[in-house]
Every structure is written in structure tokens, then in C-alpha cells.
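Residue numbers (this note's numbering), protein chains in the order written: chain A, 57 to 210; chain B, 57 to 210. Here a beta-carbon is modelled for each residue, glycine too, at the ideal position from N, C-alpha and C. Here the structure is laid out as C-alpha cells; the discussion comes afterwards.
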DNA sequence: TATTGTTATACTCTATAACTATA
DNA sequence: TATAGTTATAGAGTATAACAATA
């Protein structure tokens, strides 16, 4: 076994701690996002469309690491709620671009202001260093999640 | 890119990055835990019983931050599979203690050895510092998840 | 009356499979 | 034939509500 500089971090420990923590956070995020009338996954898609502009289903699915059918279901709900609308792709008749409607933009705004209050408060309790740790960890978690995912292998 | 060490971390950024990363990891964990025949939540309960010994439903539910009914459902599946068994509580007739069966212990052992291979490999790719960051983040995420949760301390 | 657990029911999230339309 | 999207179906995970037994 290799020596850690200060604290030896067992891989098993890291896995266990991280998994449990992540499980609890996701449950909290889901339970807190309900009251808006928006579910968690809808919120995430809305946020992505807001920051990245119009996107097609397949790209949204890849971005969230879900299957296109799953993303299609989420988009269909958002469309029913009038928060996103579809637009034809300029060059490829198969693809469909999704973008926020005015209601979608408004829903985003209201959500940011009020509904994520607990999360903002919770984040505010951390020191700058702690927040930096969390952001760094987010990048690592992403890498972790993608490890062994062979997209190019047919 | 700016000087990462000195750039103030926006709370919004931290929230967004973390939420997305956590969502992806949980999907990966769930999809990878299926092949054993054990689901992710069953695995977590098994792990906890293995490390903490016999526990009652309500305590397990509190530990995982789910409702007792949800935990009851998970325990019922594990019991059907013969991986946990129930035992009467010595002093309180309402409570039921759950503990691992021999099969449950064996399932744990096999799982640790083989099934979480991708996760072990994925963790192994990180440097000691990176693993330390992840473990530190796990603690922070836990705190984050519990913020504003009014538990029994009232 | 409060707590533990059970039963019944429903919703969210995601997946796989089979299909249509377009490239 | 390959890709984008849709429809149908299913299972995991969890919640709320109503209930029974025990404290």
C-alpha cells in the first residue's frame, strides 16, 4: 500500500463515504425541488437550456448522461407545461431543437430567487476553501462517473 | 482561465457543478449495481448492517434519510432474498431488529470483490490528493444535505 | 397519545425494445 | 445502413396516507 502524505485515504473508504453522501444529497435535491411544480430533472434541463441556448434532444441526453428516450420524456413534460418549445433544425430534418419559452425563462428566474433558498443558505455556510473543495470534487466526480464508459467502442 | 487558486468560487457555480456531478454519479452507481441482482439501495442497507450490526427500521431510515415506509420496502425485498432476517426487539415489542443472514454476508463479500470493480478502478486513477479531496467533499456534502433539516434535536 | 411498523397507492426517473422518419 | 426521435412498457426508488400494535 502506498503512503499518503498526511492521512492515508483508503479507496474503499472514499467510495463508501462518497456514495452515501451523494445519495443523501440527491434525495434532498429532489425533495426540495418538488414544491415549484418542477421536478429535479426538469429543473436541470431548464438550467442547461438557459445557459447553453437551444439544443437537440440527443445532445441534452449526452450532457446529462441519460438515454435519449429519457430526455425525450422530460422534454415532453416541459413542453406540456409550456416551459420549452420545439423548433425545426435548420439543416437536419430529423433533429429537433428545444429552447426556453418566456414562461420557461420566468420559471427559471422564480426558482433561482426563492425555491433554492435552502441550497444557497446551505452553501453560504461553507468557507471559501470548502466551496473550492466542493467545486474541485465536482470535477473529480464527473471524471469518476465517466470512467469505463466506452462511447467509441462498437 | 483565471488563477484557479485565487478565483472566488461563486455559490451559484458551486451549486450547479455539484448538482450535475452528483446526478451523474448516482445514475452510474445505480446502473452498475444492477448486475449483481442487488439494487443500489439494497446494497447500501446491506453495507450499513454489515458495519453497524443489527438495526431497527426507523434507525435505518434515519441513517439513510428516507421515510420508514421506504426503508421497510427495501428491507422486505432483502428479506425475501434471504439476505437479512428479522429478530424481535428485546424490550420493545413494536420494534424489529434486522441483521444479515449468512447469505447476506456472502453477498456483501462477493460484491466487494468483483462487482464494484469499475468503481475501484475509477478511484485508483486518482492521486492521493484527489482522493483526499473527494473524502473531504463527502463530509461537506453530508453537511450540505442536512442543512435546514430539523432533526430530533429540537 | 406517541411511536413503530405495515399496507396501499402513486409519482419520478430511468431503462430497454420496437418503431418511424430522415440522412 | 446509421442516426434522431417517438411510443410503449417496466422496474427502481421514494413519498404520502391510512391503519394496527405497542409503549
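- Task: Hey, could you find the ends of the alpha helix (DSSP H) residue 121(B) is sitting in?
- Result: Careful: residue 121(B) lies outside any alpha helix (DSSP H) and carries neither H nor E.
- Are the beta-carbon atoms belonging to residue 134(B) and residue 127(B) less than 8 angstroms from one another? The criterion of a C-beta distance shorter than 8 angstroms is not satisfied by residue 134(B) and residue 127(B).
- Message: Give me the subset of the region 99-118 of chain B whose CB atoms are less than 8 angstroms from a CB atom of chain A, sorted by chain position.
- Response: Interface annotation for the region 99-118 of chain B against chain A: 100 and 103, criterion Cβ-Cβ distance under 8 angstroms.
- Task: Could you say if the region 93-111 of chain A and the region 132-146 of chain A meet the contact criterion of at least three C-beta pairs nearer than 8 angstroms?
- Result: Yes: at least three Cβ pairs fall under 8 angstroms.
- Query: For residue 92(A) and chain B, any beta-carbon pair shorter than 8 angstroms?
  - Reply: Cβ-Cβ to chain B under 8 angstroms: no for residue 92(A).
- Message: Between residue 183(B) and chain A, is the shortest Cβ-Cβ distance under 8 angstroms, so that the two count as touching?
- Response: It does not: the Cβ of residue 183(B) has no partner Cβ on chain A nearer than 8 angstroms.
- Tell me, please, whether the CB atom of residue 204(A) is closer than 8 angstroms to any CB atom in chain B? For residue 204(A), the nearest beta carbon of chain B is closer than 8 angstroms to its own beta carbon.
- Message: Under DSSP, the beta strand (DSSP E) around residue 156(B) begins and ends at which residues?
- Response: Run containing residue 156(B): 152-156, per the beta strand (DSSP E) assignment.
- Item | Terminal residues of the beta strand (DSSP E) in which residue 167(B) lies | In the DSSP annotation of this structure, residue 167(B) is not part of any beta strand (DSSP E), being labelled neither H nor E.
- Query: Residues of chain A with a CB under 8 angstroms from the CB of residue 127(B): which are they?
  - Reply: None at all; the shortest Cβ gap to chain A is about 12 angstroms.
- Task: Could you list which residues in chain B have their beta carbon closer than 7 angstroms to that of residue 70(A), in chain order?
- Result: Within 7 angstroms Cβ-Cβ: 179, 187, 190 and 191.
- Between the region 170-188 of chain B and the region 66-84 of chain A, do at least 3 Cβ pairs fall closer than 8 angstroms? Touching, yes.
- Short CB-CB distance (under 8 angstroms) between residue 80(B) and chain A: Residue 80(B) has a beta carbon lying within less than 8 angstroms of a beta carbon in chain A.
- Task: With a cut-off of 8 angstroms on the beta carbons, I'd call residue 76(A) and residue 182(B) a contact; round off their distance for me.
- Result: Not quite, the Cβ-Cβ distance comes to about 18 angstroms (not below 8 angstroms), so this is no contact.
- Contact set between the region 144-167 of chain A and chain B, restricted to residues whose Cβ is under 7 angstroms from the partner: Per Cβ criterion, the list is empty.
- Query: Do you know how far the Cα of residue 161(A) is from the Cα of residue 112(A)?
  - Reply: Distance between the alpha carbons of residue 112(A) and residue 161(A): 18 angstroms.
- Item | CB contact check: residue 134(A) to chain B, cutoff 8 angstroms | No, because no Cβ of chain B sits closer than 8 angstroms to the Cβ of residue 134(A).
- Going straight from the alpha carbon of residue 179(A) to that of residue 121(B), what length do you get? Straight-line Cα distance between these residues: approximately 20 angstroms.
- How many whole angstroms separate the CB atoms of residue 119(A) and residue 104(A), which I take to be in contact at a CB cut-off of 8 angstroms? A Cβ-Cβ separation of about 6 angstroms places residue 119(A) in contact with residue 104(A) under the 8 angstroms criterion.
- Determine, using beta carbons only, whether residue 131(A) comes closer than 8 angstroms to chain B. No, because no Cβ of chain B sits closer than 8 angstroms to the Cβ of residue 131(A).
- Query: If we call anything under 8 angstroms between Cβ atoms a contact, is residue 78(B) one with residue 82(A)?
  - Reply: Yes, the Cβ-Cβ distance between residue 78(B) and residue 82(A) is below 8 angstroms.
- Task: Measure the C-alpha to C-alpha separation of residue 167(A) and residue 102(A) and round it to an integer number of angstroms.
- Result: Cα to Cα, the separation comes out at about 11 angstroms.
- Task: Just mark residue 132(A) as buried or exposed, buried being the case when its beta carbon has 16 or more other beta carbons within 10 Å.
- Result: Label assigned to residue 132(A): exposed.
- Message: Rounding to the nearest angstrom, what Cα-Cα distance links residue 165(A) and residue 205(B) in this structure?
- Response: One C-alpha to the other measures close to 25 angstroms.
- Query: If you draw a straight line from the C-alpha of residue 175(A) to the C-alpha of residue 163(A), how long is it?
  - Reply: Residue 175(A) and residue 163(A) have their C-alpha atoms spaced approximately 17 angstroms apart.
- Task: Return the first residue and the last residue of the alpha helix (DSSP H) that residue 185(A) is part of.
- Result: In the DSSP assignment, residue 185(A) falls within the unbroken alpha helix (DSSP H) covering 184-202.
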